[in-house]
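Have a look at the structure below, then the notes.
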Amino acid sequence: MKKSLLAMAFVTLLLSCGANADAVNKAIPAPEVDTPAAEATGPQVAVLAGGCFWGLQGMFEHVQGVTRVVAGYSGGDKATAHYEMVGTERTGHAESVQITFDPKQISYGQLLRLFFSVAHDPTELDRQGPDRGPSYRSEIFFASPSQERVARAYVAQLTKAKVFASPIVTKIEPLKGFYAAEDYHQDYLIHNPQQPYIVYNDLPKIEALKQTYPQVYRAKPVALR
Numbered sequence: 392m393k394k395s396l397l398a399m400a401f402v403t404l405l406l407s408c409g410a411n412a413d414a415v416n417k418a419i420p421a422p423e424v425d426t427p428a429a430e431a432t433g434p435q436v437a438v439l440a441g442g443c444f445w446g447l448q449g450m451f452e453h454v455q456g457v458t459r460v461v462a463g464y465s466g467g468d469k470a471t472a473h474y475e476m477v478g479t480e481r482t483g484h485a486e487s488v489q490i491t492f493d494p495k496q497i498s499y500g501q502l503l504r505l506f507f508s509v510a511h512d513p514t515e516l517d518r519q520g521p522d523r524g525p526s527y528r529s530e531i532f533f534a535s536p537s538q539e540r541v542a543r544a545y546v547a548q549l550t551k552a553k554v555f556a557s558p559i560v561t562k563i564e565p566l567k568g569f570y571a572a573e574d575y576h577q578d579y580l581i582h583n584p585q586q587p588y589i590v591y592n593d594l595p596k597i598e599a600l601k602q603t604y605p606q607v608y609r610a611k612p613v614a615l616r
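Just add 391 to wherever you are in the sequence shown, counting from 1, and you've got this note's numbering.
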């Protein structure tokens, strides 16, 4: 999307209103398997991939209990964790976000609930809205056995309940590394709220969060700077 915004403008206008239609504005069941708050021992980190990191970062920055969200790359090597290289779709990286959160305020499972329902469409394979390619795939990078257990159980729960009309294609893999994206990508939504791509693809995610899960919505985002 960022490679040729002018060229994509009309495509965005035509497609984005229907992008993530299977997910946005749809409350889904809470995870039956989660990590109890009583077991929390300080800040924790979740790494998720679900399309362009501009929107993921911007949406999760409005979640209560989240203290920091960094846009970046996961799934490939450190040497190839650069925007232009990731855009070749040959690095194995996915545009991702690293979410630091207080597990006493919001659990890992609750973050996944937002991830599956308002952050992106987990039924789209190697794409999200107007963006195409493996770097825009849906993926959960678990950092512990507990996170893996919660993630796999939740996907199984949603699948059994037939929450989505199409199969969930979200990958679940161990986190091998997270590499922060270039500075100009950080807090892009906050600094460019009127940019067409943001208006039609990402601001609706924040509105969906506010309307669907008001109990976890915070009006002021947790910006990096």
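Using N, Cα and C, we set each Cβ at its ideal position, and we do this for glycine too.
Where S529 falls: helix, strand or coil (DSSP): Strand at S529.
DSSP-derived helix/strand/coil call for R616: Coil at R616, not helix or strand.
DSSP-derived helix/strand/coil call for D425: Reduced to three states, the DSSP call for D425 is coil.
The stretch 527 to 537 / the stretch 559 to 570 touching (three or more Cβ pairs under 8 Å): By the Cβ criterion, the stretch 527 to 537 is in contact with the stretch 559 to 570, since at least three pairs of Cβ atoms, one from each stretch, lie closer than 8 Å.
Contact belief for G483 with G466 at Cβ below 8 Å, rounded distance in angstroms: Yes, G483 and G466 are in contact; Cβ-Cβ is about 5 Å, under 8 Å.
Same chain, Cβ closer than 6 Å to L387, neighbours up to 5 away in sequence not counted: Given that the chain is displayed from residue 392 to residue 616, the structure contains no residue 387 and the question cannot be resolved.
First and last residue of the uninterrupted alpha helix (DSSP H) at K417: K417 -> no alpha helix (DSSP H), and no H or E assigned at all.
Of the residues Y575, K611, A472 and A440, the one placed nearest F533, counting alpha carbons only: Cα-wise, what sits closest to F533 is A440.
Bridge partners - Q519, DSSP secondary structure assignment: Beta-bridge annotation (DSSP): Q519 is paired with D522.
Chain-order list of residues whose beta-carbon lies under 7 Å from that of D493 (same chain, five-residue window excluded): Contacts found: P434, G456 and T458.
The stretch 579 to 594 contacting the stretch 446 to 455, beta-carbon criterion three pairs below 8 Å: They touch, by the three-pair rule.
Neighbour-count burial assignment, L397, 16 or more Cβ in a 10 Å radius: Residue placement at L397 is flagged as unreliable, the pLDDT there being 36, under the threshold of 50; a coordinate-derived value is accordingly withheld.
Distance between Q519 and K596 (C-alpha atoms, nearest Å): It is roughly 13 Å from the alpha-carbon of K596 to the alpha-carbon of Q519.
Nearest-angstrom beta carbon gap, V454 and I419 [assumed within contact, 8 Å]: At roughly 16 Å, the Cβ-Cβ gap does not stay under 8 Å, so I419 and V454 are not in contact.
Three CB pairs or more closer than 8 Å across the stretch 536 to 552 and the stretch 475 to 491: These segments do not touch.
Distance, G500 Cα to T550 Cα: If you take the alpha carbons of T550 and G500, they lie about 16 Å apart.
Status (buried if at least 16 other CB within 10 Å, exposed otherwise) for P584: Around the C-beta of P584, fewer than 16 other C-beta atoms lie within 10 Å, and the residue is accordingly described as exposed.
Runs of beta strand (DSSP E) wholly within the stretch 449 to 521 (minimum 3 residues, chain order): The beta strand (DSSP E) runs lying completely inside the stretch 449 to 521 and spanning 3 residues or more are 457 to 465 and 485 to 492, given in chain order.
Local conformation of F555 per DSSP, three classes: Collapsing the DSSP output to three states places F555 in coil.
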